[in-house]
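>
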Amino acid sequence: MAISEEQVRHVALLARLALTDEEVTRLGEDLNSILGHIDTIQQLDLADVPPTAHALDVVNETRADEVRPGLSTDEALANAPEAADGAFVIPRIVGGGDAS
Amino acid sequence: MIDLSRLTATQIRDGIADRLFTAREVAEAALGRIEALDGQVHAFNQVTAELAYAAAERIDDAVRSDVVLPPLAGVPVALKDNMNLLGTRTTCSSRILENYESAYDCTAVRRLLDAGALPVGKCNMDEFAFGSSTENSAFGPTRNPWDLERVPGGSSGGSAAAVSAGMTTIALGSDTGGSIRQPGALTGTVALKPTYGRVSRYGCVAFASSLDQIGPFAKTVQECALALNAISGKDPMDATSVDRPAEDFTAALSSGVAGLRVGVATDLLEAEGCDPAVRASVRAAAETFAALGAEVGEAQLPSAEHGLSAYYIIGPAEASSNLARFDGIRYGHRTPGAEDVLDLYMRSRAEGFGPESIRRIMLGTYALSAGYYDAYYGQAQKARTLIKRDFDAAFERFDVLLTPTSPTVAFKIGEKASDPLAMYLSDFYTIPVNLAGNTAVSLPSGLDAASGLPIGLQIIGPHFAEATVLQAAAAFEGAAGFDTTPPLVREVQ
Numbered sequence: 868m869a870i871s872e873e874q875v876r877h878v879a880l881l882a883r884l885a886l887t888d889e890e891v892t893r894l895g896e897d898l899n900s901i902l903g904h905i906d907t908i909q910q911l912d913l914a915d916v917p918p919t920a921h922a923l924d925v926v927n928e929t930r931a932d933e934v935r936p937g938l939s940t941d942e943a944l945a946n947a948p949e950a951a952d953g954a955f956v957i958p959r960i961v962g963g964g965d966a967s
Numbered sequence: 017m018i019d020l021s022r023l024t025a026t027q028i029r030d031g032i033a034d035r036l037f038t039a040r041e042v043a044e045a046a047l048g049r050i051e052a053l054d055g056q057v058h059a060f061n062q063v064t065a066e067l068a069y070a071a072a073e074r075i076d077d078a079v080r081s082d083v084v085l086p087p088l089a090g091v092p093v094a095l096k097d098n099m100n101l102l103g104t105r106t107t108c109s110s111r112i113l114e115n116y117e118s119a120y121d122c123t124a125v126r127r128l129l130d131a132g133a134l135p136v137g138k139c140n141m142d143e144f145a146f147g148s149s150t151e152n153s154a155f156g157p158t159r160n161p162w163d164l165e166r167v168p169g170g171s172s173g174g175s176a177a178a179v180s181a182g183m184t185t186i187a188l189g190s191d192t193g194g195s196i197r198q199p200g201a202l203t204g205t206v207a208l209k210p211t212y213g214r215v216s217r218y219g220c221v222a223f224a225s226s227l228d229q230i231g232p233f234a235k236t237v238q239e240c241a242l243a244l245n246a247i248s249g250k251d252p253m254d255a256t257s258v259d260r261p262a263e264d265f266t267a268a269l270s271s272g273v274a275g276l277r278v279g280v281a282t283d284l285l286e287a288e289g290c291d292p293a294v295r296a297s298v299r300a301a302a303e304t305f306a307a308l309g310a311e312v313g314e315a316q317l318p319s320a321e322h323g324l325s326a327y328y329i330i331g332p333a334e335a336s337s338n339l340a341r342f343d344g345i346r347y348g349h350r351t352p353g354a355e356d357v358l359d360l361y362m363r364s365r366a367e368g369f370g371p372e373s374i375r376r377i378m379l380g381t382y383a384l385s386a387g388y389y390d391a392y393y394g395q396a397q398k399a400r401t402l403i404k405r406d407f408d409a410a411f412e413r414f415d416v417l418l419t420p421t422s423p424t425v426a427f428k429i430g431e432k433a434s435d436p437l438a439m440y441l442s443d444f445y446t447i448p449v450n451l452a453g454n455t456a457v458s459l460p461s462g463l464d465a466a467s468g469l470p471i472g473l474q475i476i477g478p479h480f481a482e483a484t485v486l487q488a489a490a491a492f493e494g495a496a497g498f499d500t501t502p503p504l505v506r507e508v509q
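Taken in order, these protein sequences are the chains called C and F.
Start counting at 1 in the first sequence, then tack on 867, and there's your number in the numbering used here.
Start counting at 1 in the second sequence, then tack on 16, and there's your number in the numbering used here.
(1) Can you tell me whether DSSP reads residue 362 of chain F as helix, strand or coil?
(2) Give me the subset of the stretch 375-401 of chain F whose CB atoms are less than 7 angstroms from a CB atom of chain C, sorted by chain position.
(3) Quick check on DSSP: helix, strand or coil for residue 233 of chain F?
(4) Alpha carbon to alpha carbon, how far is residue 75 of chain F from residue 82 of chain F? Give it in angstroms, no decimals.
(5) Quick one, which residues of the stretch 23-35 of chain F are near chain C if we go by CB-CB under 9 angstroms, in chain order?
(6) By the criterion of Cβ-Cβ separation under 7 angstroms, what are the contact partners of residue 325 of chain F in chain C?
(7) I need the DSSP call for residue 441 of chain F, collapsed to helix, strand or coil.
(8) What is the DSSP secondary structure of residue 113 of chain F, counted as helix, strand or coil?
(9) Under 8 angstroms, Cβ to Cβ, is there at least one residue of chain F near residue 919 of chain C?
(10) Can you tell me whether residue 313 of chain F is helix, strand or coil according to DSSP?
(11) Does residue 873 of chain C have its Cβ less than 8 angstroms from a Cβ in chain F?
(12) In angstroms with no decimal places, state the Cα-to-Cα distance between residue 210 of chain F and residue 360 of chain F.
(13) Along chain F, in chain order, which residues have C-beta atoms closer than 7 angstroms to that of residue 925 of chain C?
(14) Going by alpha carbons, who is nearest to residue 128 of chain F out of F:145, F:95 and F:144?
(15) Going straight from the alpha carbon of residue 38 of chain F to that of residue 494 of chain F, what length do you get?
(16) So does the stretch 192-212 of chain F actually touch the stretch 226-239 of chain F, counting three or more Cβ pairs closer than 8 angstroms?
(17) What do you reckon, are the CB atoms on residue 154 of chain F and residue 171 of chain F nearer than 8 angstroms?
(18) From the DSSP output, in three-state form, read off residue 966 of chain C for me.
(19) Can you say whether residue 927 of chain C is buried or exposed, counting buried as having 16 or more other CB atoms within 10 angstroms of its CB?
(20) Measuring only the C-alpha atoms, how far is residue 438 of chain F from residue 932 of chain C?
(21) Taking only beta-carbon positions, decide if residue 935 of chain C is within less than 8 angstroms of chain F.
(22) Just the chain F side, please: which residues come within less than 7 angstroms of residue 885 of chain C by C-beta, in chain order?
(23) If you run the structure through DSSP and keep just helix, strand and coil, what is residue 436 of chain F?
(24) What would DSSP say about residue 952 of chain C, mapped onto helix, strand or coil?
(25) Using a Cβ-Cβ distance under 8 angstroms, would residue 356 of chain F count as near chain C?
(26) Helix, strand or coil, according to DSSP, for residue 183 of chain F in the structure here?
(27) Report the neighbours of residue 346 of chain F on chain C: residues whose CB is nearer than 9 angstroms to its CB, in chain order.
(28) Looking at residue 120 of chain F and residue 107 of chain F, is the spacing between their C-beta atoms short of 8 angstroms?
(29) Chain F beta carbons: is any one of them nearer than 8 angstroms to that of residue 879 of chain C?
(30) In chain order, what residues of the same chain have a beta carbon less than 7 angstroms from the beta carbon of residue 440 of chain F, not counting five sequence neighbours either side?
(31) Would you mind working out which of C:884, C:882, C:891 and C:887 sits nearest residue 854 of chain C, comparing C-alpha positions?
(32) Note down the Cα distance separating residue 333 of chain F from residue 224 of chain F, rounded to an integer number of angstroms.
(33) Is the CB-CB distance between residue 33 of chain F and residue 85 of chain F below 8 angstroms?
(34) On the CB-based measure, 16 or more other CB atoms within 10 Å of its CB, does residue 887 of chain C come out buried or exposed?
(35) How do the stretch 341-349 of chain F and the stretch 405-413 of chain F stand: do at least 3 beta-carbon pairs fall below 8 angstroms, yes or no?
(36) Skipping 5 residues on each side, what residues in its chain have a beta carbon closer than 8 angstroms to that of residue 286 of chain F?
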């Protein structure tokens, strides 16, 4: 199934990637080439085959809900592009305009 | 000065214990070799001389106090740059993490250092482990010590090249679809992918969480086994790590292969795209095993040819989810002057990720998106079941299976860079092992007569059969007995 330029733009929005028009065109070509190979998997009759999410049987693990030492606020913020007052700084989400 | 390329890990540890030389002198030798060769090879993103000397100081103090030394005391180790270590940056060879300072230690790294190892640096890789050549690094490619015009393989190409060039004794890599074994093959090193769950993934930046596994590179099977001894075992910080009794993976290395059932995966061996010289080398290896007393037969893995398709759905799908965390908020690159949060996410990510990362994120997001999930991700998970069943059936008849590690010897830098699909085919033989969760080792089976470059043999075992796989590898290594020192290293000796 060929992927259109419009689909590439939609997927880029889902993936939170700002692509240029040139990148959209090139990625469309790349994805179609890769999907052209991958599509052989569609021809397999797998109706009665169960899916494998993990190669080994995994079991849910729980632990006692106890307070443990973790990263301090300073450590957690050490790599932040912008931080203030013990918090990550981000652009305004709510409101806008002249609201204050 | 000590010539590290002539000393094994055990000889280093024993030499320090016997006061033939100090751990500091070993650190100096490794750092000196890096200084001499890394300008040409570019195996390292960061050299950690201070950390190496500090660790050496602790070992030398222990010698002075007559404390019994741990098994890897004074042994230089290099770490793929997707593993966190306090005091180092962890960049994943990406612009988006270029300045990221590790906030904690990766468990496998911590265990190696607790066994006495000296951390000499963080190794170059394909960005976020996406690639088979280490050309997808934001910081420039690593070159193969056997031929500087060729790639060392990838994605753990820096780790492989560092061991091959004698700049470290042991290195850690991570393997999602072949990223330890394929560079191992292309650099003539011994490279092990443990069973999924054998080694904790905590502190290794996630690519595809159901496939990723950390493992060692070394010049010899015995050193690989020693490194596995140190890093394996249950970790409460990784719920997928498996709780099993501790094993000494060096114990059976000299037991030979008499009576061992060795299956040659002949259908995969005949696959189109495999270099005839590689095919011949694997057949010759099978004959060596027979001469050593193994029961050699033919095995079939008919569904493995669908591994590539399944992998290039499952891998990117899991990666697109794992890489959602790089959003310019808590760490990593943030675009200046964003208009709002969505604009900040979209531009930070587009600016920070390289072309292959963007390609994989797009592929994975598409495969998981509404309307396509069943056709791609669902179908790939079912194909994964078939591949696993093939291995289960083969392991009823055989103890280990033989295939090539890579269909070709090391290729030229730039040769496959513009064709993603050609690059993806590099992992044809290694991918099915990750999908089934098995263990496999790659070791040199010979040198290609035409190019002089090493060829890699892959020995695959069932879940948790590392001891058997390493035992077979050690027997073959002893019988093969050729020089795996690359020309670049012979020149400096």
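By construction, the Cβ of each residue, glycine as well, lies at the ideal position given by its N, Cα and C atoms.
The short version:
(1) Helix at residue 362 of chain F.
(2) Residues passing the 7 angstroms Cβ filter: 375, 377, 378, 379, 381, 382, 385, 391, 394, 395, 396, 397, 398, 399, 400 and 401.
(3) Looking at residue 233 of chain F - three-state DSSP - the assignment turns out to be strand.
(4) One C-alpha to the other measures close to 10 angstroms.
(5) Listed by position, the residues of the stretch 23-35 of chain F near chain C (Cβ gap below 9 angstroms) amount to none.
(6) Close partners of residue 325 of chain F in chain C (Cβ separation under 7 angstroms): 904, 905, 907 and 908.
(7) In the structure shown, residue 441 of chain F adopts helical secondary structure according to DSSP, grouped into three states.
(8) Helix, per DSSP.
(9) Yes, residue 919 of chain C counts as interfacial toward chain F.
(10) Strand.
(11) False, the Cβ-Cβ gap to chain F never drops below 8 angstroms.
(12) In this structure, the alpha-carbon of residue 210 of chain F lies about 39 angstroms from that of residue 360 of chain F.
(13) Within chain F, the residues near residue 925 of chain C are 256.
(14) Among F:145, F:95 and F:144, the Cα nearest to that of residue 128 of chain F belongs to F:95.
(15) Roughly 30 angstroms separates the two Cα atoms.
(16) Judged by Cβ distances under 8 angstroms, the stretch 192-212 of chain F makes contact with the stretch 226-239 of chain F, as three or more pairs qualify.
(17) Going by C-beta atoms, residue 154 of chain F is not nearer than 8 angstroms to residue 171 of chain F.
(18) Residue placement at residue 966 of chain C is poorly supported in this model, since its pLDDT is 42, which falls under 50; the coordinates still yield a value, given next. Coil, per DSSP.
(19) Residue 927 of chain C comes out exposed.
(20) Cα to Cα, the separation comes out at about 49 angstroms.
(21) No - not a single Cβ of chain F is within 8 angstroms of the one on residue 935 of chain C.
(22) Near residue 885 of chain C (Cβ distances below 7 angstroms), the residues of chain F are 362, 363 and 366.
(23) When DSSP states are grouped into helix, strand and coil, residue 436 of chain F belongs to the helix group.
(24) Coil, per DSSP.
(25) Chain C, which has a Cβ nearer than 8 angstroms to the Cβ of residue 356 of chain F, makes this yes.
(26) In this structure, residue 183 of chain F counts as coil in the three-state DSSP scheme.
(27) For residue 346 of chain F, the residues of chain C that pass the 9 angstroms Cβ criterion are 943, 944, 946, 947, 948 and 955, in the order they occur in the chain.
(28) No, the pair does not count as a contact, with Cβ atoms beyond the cut-off.
(29) Answer yes: the Cβ-Cβ gap between residue 879 of chain C and chain F drops below 8 angstroms somewhere.
(30) Answer for residue 440 of chain F: 324 and 328, listed in chain order.
(31) Since the first and last residues shown for chain C are 868 and 967, residue 854 of chain C lies out of range.
(32) Rounded to the nearest whole angstrom, the CA to CA distance from residue 333 of chain F to residue 224 of chain F is 8 angstroms.
(33) Their beta carbons are under 8 angstroms apart, which means residue 33 of chain F touches residue 85 of chain F by this criterion.
(34) With fewer than 16 Cβ atoms within 10 Å of its Cβ, residue 887 of chain C is classed as exposed.
(35) A contact is defined here as three or more CB-CB pairs under 8 angstroms, and the stretch 341-349 of chain F fails this definition with respect to the stretch 405-413 of chain F.
(36) Excluding residues within five positions, the ones whose Cβ falls inside 8 angstroms are 295.
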